Structure formats: C-alpha cells, structure tokens
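Going from the sequence shown to this note's numbering is simple: count from 1 and add 1.
A short write-up of the structure that comes next.
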Amino acid sequence: MKKRAQLSIFVIIGIVILASFMLVVFLSSSVGKDKIQQQIASISKQKNALASINSNEQSCLKYAADSALTLAGKQGGFIFNFQGGLADSSKVSQNEKGVYWILRDALDNPPEYPRYPNFVGIPQISVLKKESTGLPSRYPAVKDELEKYSAYQFGQCMNLSQFEALGVEIQQLSNPSITVAFGESDTIFYLTYPIKITIGSSSQKKTTAQSYSSGVRFLSIYTIAKNLAYDDLNPNFMFTPKIVNQQRYNPLKADVAITVSPGPDYDIITLTDAKKKIGQDYYHLVFLRQNRNPILRRIQDITVNILDNINITADVTDPDEDKVAISVNKTKEQFYGGELRHTIGSMDSHSGDFSRFLNFKAEAKDIGYYTYNITATDEGNLKDWQEIRGFVKCEYKANVKMEGAQWKDSDSGRTFSYNPLCCEKDYGLKFNNGTRVTLSDGSTCTCNENGGCEGMMPPTYTCTEKAGQTCEAGTTCPADKEPGTGTCESGETCCKQLEREPREPPCVGPGCA
2 MKKRAQLSIF
12 VIIGIVILAS
22 FMLVVFLSSS
32 VGKDKIQQQI
42 ASISKQKNAL
52 ASINSNEQSC
62 LKYAADSALT
72 LAGKQGGFIF
82 NFQGGLADSS
92 KVSQNEKGVY
102 WILRDALDNP
112 PEYPRYPNFV
122 GIPQISVLKK
132 ESTGLPSRYP
142 AVKDELEKYS
152 AYQFGQCMNL
162 SQFEALGVEI
172 QQLSNPSITV
182 AFGESDTIFY
192 LTYPIKITIG
202 SSSQKKTTAQ
212 SYSSGVRFLS
222 IYTIAKNLAY
232 DDLNPNFMFT
242 PKIVNQQRYN
252 PLKADVAITV
262 SPGPDYDIIT
272 LTDAKKKIGQ
282 DYYHLVFLRQ
292 NRNPILRRIQ
302 DITVNILDNI
312 NITADVTDPD
322 EDKVAISVNK
332 TKEQFYGGEL
342 RHTIGSMDSH
352 SGDFSRFLNF
362 KAEAKDIGYY
372 TYNITATDEG
382 NLKDWQEIRG
392 FVKCEYKANV
402 KMEGAQWKDS
412 DSGRTFSYNP
422 LCCEKDYGLK
432 FNNGTRVTLS
442 DGSTCTCNEN
452 GGCEGMMPPT
462 YTCTEKAGQT
472 CEAGTTCPAD
482 KEPGTGTCES
492 GETCCKQLER
502 EPREPPCVGP
512 GCA
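This is the structure:
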C-alpha cells in the first residue's frame with residue numbers, strides 16, 4: 002500500500018514536469034511565431050516602401066528631365082542661376098521672348114560698316130558640352146545646364162516626409178546627381194540618388210540608379226540651329242523659311258520645321274519637332290537675333306558731263322532680310338570767298354528693294370561739285386550711308402559756231418545745248434559768266450552762268466585782209482568799201498574795225514529768257 006502511494010506521487014510529479022515542459026514549449030513557439038510575423042510584416046513594409054520610393058523617383062526624374070529640356074528649349078540652351086541653372090543672367094542678353102544668339106555689334110558703326118565684310122554681329126551661343134581643349138568657355142555648356150537644373154528640380158520634386166505616414170523614415174545622404182547623355186534621336190537622363198531607409202529599428206542604405214529616356218532629339222535640333230545662326234553672321238546668307246528648311250540646312254525637315262517671326266527690333270527663330278511632345282506641346286527650340294544695320298555696298302565717286310545720265314547703283318544687303326528704303330540727297334559745294342554747303346534736297350527715294358539703280362539727268366544749271374548722301378534705312382530705322390563726290394562738268398571747245406538753237410563743234414561735228422566756248426577751260430566745273438567769246442564765224446556773244454550766250458554780235462570787218470599792218474604811201478583806205486579794196490594813205494593803219502549796225506538775235510542756250 003505504501004509502495005503504491007509513492008508511485009502515485011512520482012507519476013504526478015512527472016505529469017507536472019511534462020506539463021511545464023509543454024507549456025514552455027508552447028509559449029516559446031508562440032513568441033517565435035510573433036517574431037516571424039513581425040519580421041514578415043517589416044519586410045513587407047520595406048518592400049512597399051522601396052516600391053513607392055522607386056515609383057516616386059522615376060516620376061520625379063521624368064518631371065525634372067522634361068522641365069529642363071523645355072526651359073532650355075525656350076531659352077536657346079541657357080538656364081539661369083536664379084532659375085536653378087548655371088548661366089549668369091547679368092551677362093546674357095535676353096528679353097521675355099527668349100535669349101539672343103545674334104547681337105548687333107556696338108562697335109560696328111556706319112558709315113565705316115561693316116568692319117568685317119563677311120561677318121556682321123556678335124554670337125551669343127553656348128557649346129553643347131565642354132570642349133576637350135581646356136580653354137575656358139564664355140557660357141556654361143548646355144549639358145551642364147541640363148544636369149544642374151534637372152538635379153535641382155528632382156530634389157524639389159522628391160517629398161521624403163510623405164513616407165513618414167507609412168512608418169518609414171528616409172534620409173538623403175547626399176544631393177541627387179544627374180548625368181545627361183545626348184544621342185542622335187534621344188536625350189537620356191541618368192540619376193544617382195543615395196538614401197537611407199529606416200523602418201522601426203531596421204535601417205538600410207540604398208543608392209538609386211535610374212534612367213529616363215526623354216525621346217527629345219536635342220543634339221540634332223540644337224546642332225541645326227547653331228549652324229544656321231553662325232551661317233547668318235554672314236550678311237549674304239538669306240535666313241528665310243524657304244531657304245533654311247532645305248535639306249542641306251535642315252536634315253530633319255521631314256518633321257522639324259523652322260519658322261521666322263520678324264520684328265523691327267529682333268526676330269524670333271523657332272525649330273519645332275512634330276515627332277515629340279512634352280505635355281500638350283510639341284518640343285521646340287527658340288533663339289532670337291537682334292536687328293542689325295543694313296549694309297550699303299561702297300559706291301565710287303562719279304564724274305559726268307552735262308546732259309549725261311547720272312547713274313548711282315545703291316546695292317544694299319540687309320543681314321536680317323528686312324525691307325530697305327533708299328534715299329539720295331545732294332549738296333552743292335559753292336565757292337564764294339569760301340566754301341558754302343547748300344543742300345539742294347532729296348533727289349530720289351525708293352523702298353522695298355535690296356538693290357536700287359538710281360538714274361537722273363544733269364542739266365546745264367547743275368554744273369559744279371556735289372556731294373551725294375545715299376542712305377539705306379530698314380524697318381527698325383537702322384541705317385547705313387555713304388557720301389560720294391560728284392562732278393558735273395561742261396566741255397570746252399575752241400571752234401564753235403551757232404547752228405539753229407544749238408551750238409556745234411566744227412571739229413567733231415557734235416552739238417551742244419550750251420556754248421562750249423563758255424565752259425571753264427581748266428576744270429569744266431563752271432561757266433565763265435560775263436565773258437565775251439568769239440565764234441568760228443567771227444560773231445561774238447556774252448556767256449551767262451548756265452552756259453547760254455547773250456548779246457550776239459555779227460562778224461566785224463577790216464579795210465584789208467592784213468589787219469594791223471601799216472599801209473604803203475600813196476594808198477587810200479576807203480571806209481565804205483569791203484576789205485581788200487581801195488588804197489591806204491601814207492601813215493594810216495588799215496586795221497581799224499569797221500562796225501556795222503549790230504543785230505540782236507535771241508539769247509542762245511541755257512539761261513536765256
């Protein structure tokens with residue numbers, strides 16, 4: 002009986018020990034399960050956070066890249082420091098429409114213009130990427146601008162605090178970095194973004210390496226625009242849509258159109274890519290060119306004879322293809338005890354041409370020395386001008402007779418509307434006003450200031466053909482006989498002029514009433 006009681010106690014103790022062991026095992030199993038579940042939950046949360054972060058990064062990278070390309074396109078590749086770029090806005094000429102790629106040269110002043118015949122204006126164009134020469138660039142490279150601005154926009158777009166609501170803490174370890182790669186048909190943005198993710202007591206460092214293919218042909222479009230801008234620095238290059246959209250200048254003409262919006266102060270040039278949209282708009286690159294002075298080609302001094310045509314060819318080139326008005330003013334240089342400049346007035350004006358042939362005829366009253374001021378004015382009131390000397394001359398002839406209402410040179414047979422005997426012999430720039438001249442038939446007249454001849458007198462007669470000779474003794478010199486008749490008395494000079502009654506025909510030639 003006693004042995005049975007002892008056995009029962011041991012059985013009970015064993016059961017208690019077994020139960021305790023099982024309880025311990027159960028409790029241990031339950032705690033492990035909770036830890037596993039917690040770990041699973043933590044891993045799941047981390048995966049969700051990473052997926053959300055990746056999605057947010059990709060979205061912000063696209064936004065940043067598109068924003069950078071759009072702004073660079075609107076501003077000719079420039080992105081200014083106050084916008085988040087690199088270009089110093091105080092050193093780049095611009096307005097609300099864009100950035101000037103071609104500027105008027107302040108040192109290129111008419112009429113000594115242009116300084117360089119085949120180069121008019123100052124380029125303000127960035128290089129696409131840094132050159133390997135090591136020489137400093139005047140402006141930041143476009144590649145650097147895109148990288149700086151897109152990284153700035155990416156940082157603004159990423160809102161790391163939004164993940165705190167998910168129980169995830171994200172810490173930016175350093176600033177995001179973006180590298181831009183240009184291809185013929187694409188522009189790709191590569192992102193490097195180091196962060197630290199903390200969920201509860203668990204942390205993980207992660208460096209994002211994502212890329213975004215924009216589909217923008219920036220390299221190709223920018224190269225076309227830059228080449229055209231440099232071509233346009235040559236004043237003989239015609240920057241018109243018909244020309245610049247030819248295959249040789251625009252190899253993407255199938256889907257990239259080049260347009261010119263002219264203005265009096267500047268023109269807007271736009272390249273639009275119909276194959277690519279950012280948002281609702283087709284991608285475009287814009288640059289401006291400042292209006293430059295028209296170019297009046299050098300005109301030589303002129304020398305013409307009275308009644309000849311005065312021909313002045315005003316050959317004008319406008320670097321910006323503006324319409325040009327051409328005018329000519331003449332100033333006569335008169336000499337009365339000194340030089341007196343007397344402005345005669347406008348002789349001719351014309352607009353709408355790049356070349357104008359001016360043709361007008363000099364009259365006898367126009368004889369003299371002139372300056373002709375030829376001025377070319379474009380639609381923005383920019384000018385180029387030149388003063389040339391003009392000599393309007395008469396011709397002196399010694400053997401002249403009157404024939405009808407004109408004068409004839411007996412030697413050449415040419416006829417004149419003015420009396421060539423009245424022309425100043427040395428320079429031919431004026432008529433000898435008030436001088437009495439003798440024609441080939443012995444008639445005389447007095448010159449006026451316009452080459453006409455007044456107070457015509459018939460030929461005079463002498464008593465002998467040997468006028469001025471002393472007659473022999475025993476001869477007579479009858480006063481009423483023709484020359485060569487009669488005899489002269491001793492001591493008389495048979496050179497006495499026998500004047501008949503003068504005839505008064507009308508004044509002949511210019512300036513006659």
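Note that beta-carbon positions come from the ideal geometry of N, C-alpha and C, so glycine has one too.
Owing to the predicted nature of the structure, the values given are computational and were not obtained by experimental measurement.
Looking from the CA of ILE300, the closest CA among SER178, ALA255, ASN306, THR314 belongs to THR314. By the neighbour-count criterion, in which 16 or more other beta carbons inside 10 Å mark a residue as buried, MET159 falls on the buried side. Beta-bridge annotation (DSSP): GLN95 is paired with VAL100. Listed in chain order, the beta strand (DSSP E) runs fully inside the stretch 163-232 are 170-173, 178-183, 188-200, 203-214, counting runs of at least 3 residues. The Cβ neighbour count for GLN76, taken over all protein chains shown within 10 Å, is at least 16; the residue is labelled buried. DSSP places SER262 within a strand segment (E or B) once states are collapsed to three. By the Cβ neighbour-count rule, ILE16 is exposed, with fewer than 16 other Cβ atoms within 10 Å of its own. For SER186, same chain residues with a beta-carbon under 6 Å away, outside a window of 5 residues either side, are ARG218 in chain order. Our two residues, LYS197 and LYS206, have alpha carbons roughly 4 Å apart in a direct line. Per DSSP, ALA377 lies in no alpha helix (DSSP H) segment; the continuous beta strand (DSSP E) that holds it begins and ends at 369-379. Contact between SER214 and LEU70 fails: their C-beta atoms lie close to 12 Å from each other, not under 8 Å. Beyond the five residues adjoining it in sequence on each side, TYR114 comes within less than 8 Å, by CB distance, of ASN294, ILE296, ASP385 in the same chain, given in chain order.
If you look at PHE83, you'll find it isn't in any alpha helix (DSSP H); DSSP assigns it neither H nor E. Sixteen is the threshold: when 16 or more other Cβ atoms of the shown chains lie within 10 Å of the Cβ of ARG290, as they do, the residue is buried.
CA-CA distance, TYR153 to LEU129, rounds to 20 Å. VAL329 carries a strand assignment under DSSP once its states are collapsed to helix, strand and coil. The three-state secondary structure of MET23, taken from DSSP, is helix. The shortest CA-to-CA distance from LYS398 to any of ASP427, SER178, TYR370 is the one to ASP427. VAL121 and ALA66 have their C-alpha atoms roughly 36 Å apart. Inter-segment contact for the stretch 138-146 and the stretch 169-177 is absent: fewer than three beta-carbon pairs are separated by less than 8 Å.
Measuring C-alpha to C-alpha distances from VAL257 to each of LYS277, ARG139, GLY443 identifies LYS277 as the nearest.
Judged by their CB atoms, GLY86 and TYR191 are not nearer to each other than the 8 Å cut-off.
Here CYS454 carries a strand assignment [DSSP, helix/strand/coil].
Secondary structure of LEU51 (DSSP, three-state): helix. For ALA152, the enclosing alpha helix (DSSP H) stretches over residues 143-158.
For LYS243, the enclosing alpha helix (DSSP H) covers residues 242-245. Nearest C-alpha to ILE307 among ILE269, LYS362, PHE358, LYS254: LYS362.
Between PHE288 and ALA230, the C-beta spacing is below 8 Å. ILE313 carries a strand assignment under DSSP once its states are collapsed to helix, strand and coil.
Here LYS131 carries a coil assignment [DSSP, helix/strand/coil]. When DSSP reads this structure, MET403 sits in a beta bridge with TRP408. The Cβ-Cβ distance between GLU450 and ASN434 falls below 8 Å. A Cβ-Cβ contact shorter than 8 Å links LEU62 with PHE155. With a 10 Å radius around the Cβ and a threshold of 16 neighbouring Cβ atoms, ASN228 comes out exposed. The alpha-carbon of LEU147 is positioned some 60 Å away from that of GLY391. Within its own chain, the residues whose Cβ lies closer than 7 Å to the Cβ of ILE126, once the five positions on either side in sequence are excluded, are TRP102, LYS227, ALA230, listed in chain order.
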